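Enquirer: Below you will find the structure I want to go over with you.
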Amino acid sequence: MKKLIFLFLCLYNLAFGIVDFPDINWGDNKSRLELIFPKLEKEISIDPSVEVFSFPKPNEGISKYSFYFVNDQLFKVEILFNKDVVGRDEVKQIYLDTVKKMGKNVDTKPINEKYGDITLTGNSMKFVPDIYTFVFLKGVDTLDKDKNMIDSQLILEYVNSTTTTITFETQAKSCATLIF
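For the sequence shown, this note's numbering begins at 22 and goes up steadily by one.
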């Protein structure tokens, strides 16, 4: 009986686990994540139906992990890289590592969204590492009203492909959450 339960848990993790986050699964609740990432911090969300919690500074190269929930079920994870540590060479290596692990990107779309006096511009590359997950590697620059760059971010985003319809407009709104 124990072997059967163990086999079921292994298959469940293989089937629903998140690439790069093997200890968590799509649909997990906040309490489950707090077992792995203690003291999650609540963030502001621009969408009232979405709750966002972050785990700050998991290591030097990463500013934070952000976890997105709808109805207390995990549907998206973002890695925000530390722009003070991650330079041009590191960005290239992150891209190469992503391609090596997840295969060639299946789509590339520009990001060009305006929020008041702020404009977000950049690119989003879509990867499909498994049937349950979409991964987006995004480079996003924030411009002020005079088109001066005031911020630049590299984001790796994991999205549950089975429960969420993803559009690149949604991706831009996700970038806006990081700013406001």
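Cβ atoms here follow ideal geometry from the backbone N, Cα and C, with glycine treated the same way.
Fair warning: this is a prediction, and the values are worked out from it, not measured in the lab.
Would you mind working out which of ASN92, VAL40, GLN114 sits nearest PRO69, comparing C-alpha positions?
Expert: Along the sequence shown, one-based indexing puts residue 69 at 48. Here the closest residue by C-alpha is ASN92.
Enquirer: Mapping the DSSP letters down to three states, classify LYS97 as helix, strand or coil.
Expert: If you number the sequence shown from 1, residue 97 lands on position 76. Strand at LYS97.
Enquirer: Is DSSP giving LYS78 helix, strand or coil here?
Expert: Taking the first residue of the sequence shown as position 1, residue 78 is located at position 57. The answer is strand: DSSP assigns LYS78 an E or B state.
Enquirer: Pick out whichever of ASN181, ILE132, LEU61 has its Cα sitting closest to the Cα of LYS85.
Expert: Looking up residue 85 in the sequence shown gives position 64. LYS85 has its Cα closest to that of LEU61, out of ASN181, ILE132, LEU61.
Enquirer: Give the DSSP-derived three-state secondary structure of ILE115 in the structure shown.
Expert: Working through the sequence shown from its first residue, we reach residue 115 at position 94. Three-state DSSP puts ILE115 in a helix.
Enquirer: In terms of residues, what are the limits of the alpha helix (DSSP H) holding LYS51?
Expert: The residue labelled residue 51 in the question sits at position 30 within the sequence shown. Taken as a continuous stretch (DSSP letters only), the alpha helix (DSSP H) holding LYS51 covers 51–57.
Enquirer: Tell me, please, whether the segment 103–114 touches the segment 129–145 by the rule of three or more beta-carbon pairs shorter than 8 Å.
Expert: no
Enquirer: Pop quiz: VAL98 and PHE88 are said to be a contact at Cβ under 8 Å. What is the actual Cβ separation, rounded to whole angstroms?
Expert: Sequence index remark: in the sequence shown, residue 98 carries index 77 (1-based). Sequence index remark: in the sequence shown, residue 88 carries index 67 (1-based). Indeed, because the Cβ distance is near 6 Å, the residues count as touching under 8 Å.
Enquirer: Thinking just about the alpha-carbon of each residue, which of ASP165, LEU158, VAL180, LYS135 is nearest to the one in THR119?
Expert: For the purposes of this step, residue 119 is taken as residue 98 along the sequence shown, with counting starting at 1. It is LEU158.
Enquirer: So which of GLU55, ASP165, LYS168, GLY38 has the shortest CA-CA distance to GLY48?
Expert: Residue mapping note: residue 48 aligns to position 27 of the sequence shown, counting from 1. For GLY48, the closest C-alpha among the options GLU55, ASP165, LYS168, GLY38 is that of GLY38.
Enquirer: Taking THR140 as the reference, give the member of MET123, GLY160, LYS121, MET170 with the closest Cα.
Expert: Taking the sequence shown and counting its residues from 1, one reaches residue 140 at position 119. The residue with the shortest Cα to Cα distance from THR140 is MET170.
Enquirer: For MET123, tell me which candidate among ILE100, PHE148, THR163, GLY137 has the shortest Cα-Cα distance.
Expert: On the sequence shown, position 102 is the one that residue 123 refers to. Of ILE100, PHE148, THR163, GLY137, the residue nearest in Cα terms is PHE148.
Enquirer: Over the uninterrupted beta strand (DSSP E) stretch that includes ASP172, give me the two end residues.
Expert: As a first step, residue 172 must be located in the sequence shown, where it is residue number 151. Run containing ASP172: 170–181, per the beta strand (DSSP E) assignment.
Enquirer: Short check: CB of ILE162 to CB of GLY143, under 9 Å?
Expert: As a first step, residue 162 must be located in the sequence shown, where it is residue number 141. As a first step, residue 143 must be located in the sequence shown, where it is residue number 122. The residue you asked about is not Ile; residue 162 is Asp in the sequence shown. Taking 9 Å as the Cβ cut-off, ASP162 and GLY143 qualify as a contacting pair.
Enquirer: Tell me whether ASP162 sits in a helix, a strand or coil according to DSSP, three-state version.
Expert: Indexing the sequence shown from 1 puts residue 162 at position 141. Strand at ASP162.
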